[in-house]
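The sequence shown: position 244 = 243 (numbering that gives the first Met the number 0), numbered continuously. Heads up: the structure comes next, in structure tokens.
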Amino acid sequence: MTPHSDAPWWTSAVVYQVYPRSFADSDGDGVGDLAGIASRLDHLRRLGVDVVWLSPVYLSPHADNGYDIADYQAIDPVFGTLEDFDRLLAQVHERGMKLVMDLVVNHTSDEHPWFAQSRSSRDNPKRDWYWWRPPREGFEPGAPGAEPTNWESLFSGPAWTLDEATGEYYLHLFDRKQPDLNWENPEVRRAVHAMMRWWLDRGVDGFRMDVINFISKDPALPDGVTTGTGALGDGFPHFCTGPRVHEFLQEMHREVFAGREGQFLTVGEMPGVTWEDARLFTDPARREVDMVFQFEHVSLDHGPGGKFDPRPLDLRDLKASLGRWQTALAKTGWNSLYWNNHDQPRVVSRFGDDGRWWRESATALATVLHLHRGTPYVYQGEEIGMTNAPFAGLADLRDVESLNHYHRSVAEGRSPEDVLRGLRAMGRDNARTPMQWDDTPNAGFTSGTPWIAVNPNHTWLNAAAQYDDPRSVFRHYQRLIRLRHTKPVVALGEFRMLLADDPQVYAYERALDGTRLLVVANLGGTGRTVEVAPEWSAAEVVLSNTEPGKVHEGQLALSPWAALVLELTTSA
């Protein structure tokens, strides 16, 4: 076990993700900006978080809301200027917090100068900075099936687009305006490293790395197994955690972070990553990344038709998944903990009950997540229990993934209302509606017309209404964060899952140096009584989201969506 004093700082830290477009708008154009974020930093200090993770604010055409970058060293005018960024960074640091940038280097925008040069001719020096391939043998460019591989884009349709000027196709795992960089080329890697050093020299405290396990592809680019959608195939096995990804990340650490003074955070977003992979990625001795975002637990409610075909979550599956990751990374490596981010629907609507038990389920789910071993991430609005939005129809949606899915599915004959039902439940726009600051028009987000509609429930669900309410979701998050800061057992204690086969109650123990915590949460709308060890009858209640129950003769009665944290301390 790592001694407390030697544990990395981020083991007891909590990260807060800001989605700049939707956080706070300072100039009334309906889009959030850097000055708006700066004006709301005291909300984050009040909450108690340690790190601000900023989703992309770089120059971008916004085909994918900023995850398509046209200049890595420029701020998009919609968000402000580089001077605005410097002011924000200084104000974050003045409040004792760190700032982490979003690093999107699997792909650029097709409007990045690198790609403009790459596509200008087949013999341009930057041609090999991206994945260019001729049409499939025997096919004319642009003919159906002429794409170099049958891979399907993660945003629907083929993963290849023809550049008519040069007669070749370029690879884009996401939107056609997001061509993939060729990390096999050492010049690409050197350019990325130089850009990262530039931001660190400016004072940023680390990076969250977007789909970073996609940067190494199988150079042979083989066809994938057909998916049943026409002739398109699944390329995922050929670009997920590819053959050189560990080498690339070790090189990045060596070239960017090694020998640099400071305390930095590196977290890799890694779709499809396994715990075996994650243990390698996060082993401190290997010097790759500090932690990964894995997707296993947020895929458990996907039905046979994928993420837009949701099915009810079986809590036993969730416990098996999170418990497996806790065990796998207990001795080597580190977990990140999250329910929400800019790509996921709101957890209180997804795994909770955003109606009758809104407050109780939001706080119960928070309790369950934050007291696991790992670094918790809070997504903007999660700390006040923001819910999914009531999107009436397609005109209310903005996300390229959702719009592409709708048009493709309807073209294939699916009912428009069925498709919309899936998008309302699981679409990324649910996370992107404006932050709900108060009950005024547009929730205090903007004085103009917001780029996407504010959730109408902001009239009662907002930050201002929760600051001084001791029972509020916000105050519960404050208490959870304080526990992590003040009790080493939360950050570093061993984890033991309890009641693994119970379909409604999530329970586990944490233990460190004679201190034990029991976390019990009823994640359902009916009361439950569970058996616990009789010794817990003498325990202190350190956190509860309802009237705290007591263990009596080994029995603990839990009201709907009740969460309870008990502490026992034994003398050495």
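Cβ atoms here follow ideal geometry from the backbone N, Cα and C, with glycine treated the same way.
| Is the CB-CB distance between residue 111 and residue 145 below 8 Å? | no
| Looking only at its own chain, which residues have a Cβ that is under 6 Å from the Cβ of residue 454, when we skip the five neighbours before and after it? | 388 and 432
| message | Tell me the residue span of the alpha helix (DSSP H) that contains residue 489. | response | 487-491
| task | Please look up how many angstroms separate the CB atoms of residue 511 and residue 491, rounded, as I've assumed it's under 8 Å. | result | 6 Å
| query | CB-CB under 8 Å to residue 418, same chain, minus the five flanking residues each way: which ones, in chain order? | reply | 307, 404, 405, 408 and 409
| field | residue 476 (DSSP reduced to helix, strand or coil) | value | helix
| Are the Cβ atoms of residue 163 and residue 157 separated by less than 8 Å? | no
| said: Going by DSSP in three states, residue 164 sits in which element: helix, strand or coil? | reply: coil
| query | Can you find at least 3 beta carbon pairs, one from the region 390-403 and one from the region 35-44, that sit closer than 8 Å? | reply | no
| field | 8 Å Cβ cutoff met for residue 12 and residue 63 | value | no
| message | Please return the same chain residues whose Cβ sits closer than 8 Å to the Cβ of residue 88, not counting the five positions on each side in sequence. | response | 98, 201, 202 and 203
| Got a sec? Which residues, its chain only, sit under 6 Å from residue 65 by beta carbon, not counting five neighbours each side? | 55 and 59
| DSSP-derived helix/strand/coil call for residue 80 | coil
| query | Quick one: Cα of residue 450 to Cα of residue 282, how far? | reply | 42 Å
| query | With 16 other CB atoms within 10 Å as the buried threshold, where does residue 289 fall? | reply | buried
| request: List the endpoints of the continuous beta strand (DSSP E) containing residue 509. | output: 504-511
| message | Would residue 100 and residue 197 qualify as a contact pair, given that the criterion is a beta-carbon distance under 8 Å? | response | no
| Extent of the continuous beta strand (DSSP E) to which residue 378 belongs | 374-378
| query | Is the region 465-476 touching the region 361-368, taking contact as three or more C-beta pairs under 8 Å? | reply | yes
| said: Once DSSP output is grouped into helix, strand and coil, what is the label at residue 214? | reply: coil
| query | Just to confirm, are residue 213 and residue 265 a CB contact at a threshold of 8 Å? | reply | no
| Enumerated in chain order, which unbroken segments of the alpha helix (DSSP H) with a length of 4 residues or greater are wholly contained in the region 10-78? | 33-38 and 40-46
| field | Where residue 7 sits in the DSSP three-state scheme | value | coil
| request: Could you tell me if residue 551 is buried or exposed, where buried requires 16 or more neighbouring beta carbons within 10 angstroms of its beta carbon? | output: exposed
| message | Using the three-state DSSP reduction, which class does residue 222 fall into: helix, strand or coil? | response | coil
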